[in-house]
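Take the sequence shown: its position 238, counting from 1, is numbered 238 in my numbering, and each next residue is one higher. The structure under discussion appears below in the form of structure tokens.
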Amino acid sequence: MDLGLKGKTVVVTGGSGGIGHGLVVEFAREGANVISASRDVATGEKLAARAKEQGCIGTILPVATDVTDRKSVDAMVAVAHERFGLVDILVNNAGGVKSNYEFENLDDETRRWEIALNIDGVVNCTLAVANDMLSRNTGSVINISSNSSLLGEAAHSIVHYGAVKGFVNSLTKTLAYEWGPKGVRVNTIAPGWIVPKQNDDIASGSFWNRLDMGTPEGMQQALEDGSLFNMSSLPIKRLGRPEDIANLAMFLASDASGYITGQLISVSGGVYMP
Numbered sequence: 001m002d003l004g005l006k007g008k009t010v011v012v013t014g015g016s017g018g019i020g021h022g023l024v025v026e027f028a029r030e031g032a033n034v035i036s037a038s039r040d041v042a043t044g045e046k047l048a049a050r051a052k053e054q055g056c057i058g059t060i061l062p063v064a065t066d067v068t069d070r071k072s073v074d075a076m077v078a079v080a081h082e083r084f085g086l087v088d089i090l091v092n093n094a095g096g097v098k099s100n101y102e103f104e105n106l107d108d109e110t111r112r113w114e115i116a117l118n119i120d121g122v123v124n125c126t127l128a129v130a131n132d133m134l135s136r137n138t139g140s141v142i143n144i145s146s147n148s149s150l151l152g153e154a155a156h157s158i159v160h161y162g163a164v165k166g167f168v169n170s171l172t173k174t175l176a177y178e179w180g181p182k183g184v185r186v187n188t189i190a191p192g193w194i195v196p197k198q199n200d201d202i203a204s205g206s207f208w209n210r211l212d213m214g215t216p217e218g219m220q221q222a223l224e225d226g227s228l229f230n231m232s233s234l235p236i237k238r239l240g241r242p243e244d245i246a247n248l249a250m251f252l253a254s255d256a257s258g259y260i261t262g263q264l265i266s267v268s269g270g271v272y273m274p
């Protein structure tokens, strides 16, 4: 199915992470011009080269970006304008957990870090592209949340992270209502457990490395051995992959979903069913 994304200008924040990898490559495969906005430009450049080798017809341009800093975000959008034109699609993918903790031990540094990345980052980027979309009465904003905002057990030892992702869910609904009459749609994807295909796909700053999550290869082996801890209650018994998020994001970015806004969709193998 041709989603009509060829030539569109797409900004993907957190483009060097695991989910970001899938988003950036798959949008480029559809022919979109993608700004991979991340602090880790080296990983972004490696990803861009790999996508080119795979025959992706769109262009991937890594741009050093700190989404918590509005000036940095504005500079990234200026690069997008210079290289590709006005932004058509924004995927607010940058986010993360600082550390695992019991809630009673939550410290101010962790709180500020998670708020800055998961809330301020989304607001900064959305405001930065607002005029591009509203001035033309068209555009799609896709916020990447988490099942941690939907299920208590998914937020075990990361309660504050689940709560700040709840802000993202609410922002989607309220902004979708305000911007709908102005031609801009806003939707949320809430990933479950999404695993990169290989350790080489993971940026150095990813939570996979910071929180010692193990390796993607190790998780795949555990799945095959029947020992992967979180598979017993999952209706679709396979690992979620970055491409699973990208496939839905591209649909929500396209005119094929033109009558959809303000929605939250969990991509998690059925672990969350509202």
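Built from N, CA and C at the ideal position, the CB exists for glycine as well.
From residue 2 to residue 109, what distance separates their C-alpha atoms? Cα atoms of residue 2 and residue 109: separation of roughly 45 Å, rounded to the nearest angstrom.
Nearest residue (CA-CA) to residue 89, options 73, 151, 176, 184: For residue 89, the nearest C-alpha among the options comes from 184.
Count the other C-beta atoms from every protein chain shown that fall within 10 angstroms of the C-beta of residue 161, then say buried if there are 16 or more, exposed otherwise. buried
Just to confirm, is the Cβ distance from residue 284 to residue 119 under 7 Å? For the chain, the structure presents residues 1 to 274; residue 284 sits outside this window and is missing.
Checking the sheet assignment: what are the DSSP bridge partners for residue 282? The chain is shown only over 1 to 274; residue 282 falls outside these bounds and no answer can be derived.
Where does residue 21 land, buried or exposed, given buried means 16+ other C-beta within 10 angstroms? Buried, since its Cβ has 16 or more Cβ neighbours within 10 Å.
Give me the DSSP bridge partner(s) of residue 185. Bridge partners of residue 185: 140.
Could you tell me the alpha carbon to alpha carbon distance between residue 159 and residue 193, rounded to whole angstroms? 16 Å
Taking only runs that begin and end inside the segment 7-80, name each unbroken alpha helix (DSSP H) of 4 or more residues, in chain order. 18-29, 41-53
Under 7 Å between the Cβ atoms of residue 216 and residue 196? Taking C-beta atoms as the reference points, residue 216 and residue 196 count as a pair closer than 7 Å.
Using DSSP bridges, identify the partner residues of residue 264. 188
Based on the DSSP output, what are the partners of residue 194 in its beta bridges? 240
Let me check understanding here. Comparing Cα to Cα, which of 62, 81, 143 lies closest to residue 169? 143
Checking 7 Å against the spacing of the C-beta atoms, do residue 130 and residue 261 come in under that value? no
Any idea if residue 235 is buried or exposed, counting beta-carbon neighbours within 10 angstroms, 16 or more meaning buried? Taking all protein chains shown into account, residue 235 has fewer than 16 neighbouring C-beta atoms within 10 Å of its C-beta and is therefore exposed.
For residue 239, tell me which candidate among 249, 80, 223 has the shortest Cα-Cα distance. 223
Member of 87, 68, 69 whose CA lies at the smallest distance from the CA of residue 276: It is not possible to answer for residue 276, since the shown part of the chain is limited to 1 through 274.
If you draw a straight line from the alpha carbon of residue 104 to that of residue 121, how long is it in whole angstroms? 26 Å
Taking the Cβ atom as the reference point for each residue, do residue 44 and residue 15 lie within a distance shorter than 7 Å? yes
Among 156, 92, 132, nearest to residue 172 - alpha-carbon criterion: 92
Along the chain, where does the alpha helix (DSSP H) that runs through residue 124 open and close? It spans 121-134 - the alpha helix (DSSP H) in which residue 124 sits, taken as one unbroken run.
Same chain only: Cβ atoms within 8 Å of residue 156, ignoring 5 sequence neighbours per side: none
Per DSSP, which one or two residues make a beta bridge with residue 89? Residue 89 pairs with 10, 140.
Would residue 30 and residue 5 qualify as a contact pair, given that the criterion is a beta-carbon distance under 7 Å? yes
To which residues of the same chain is residue 138 closer than 6 Å at the C-beta, ignoring the five residues directly before and after it? 183
Whole angstroms are fine: how far does the CA of residue 258 sit from the CA of residue 292? In the structure as shown, the chain starts at 1 and stops at 274, and residue 292 therefore has no counterpart that could be examined.
Measuring CB to CB, does residue 79 end up less than 7 Å from residue 13? For the 7 Å CB-CB criterion, residue 79 and residue 13 do not form a contact.
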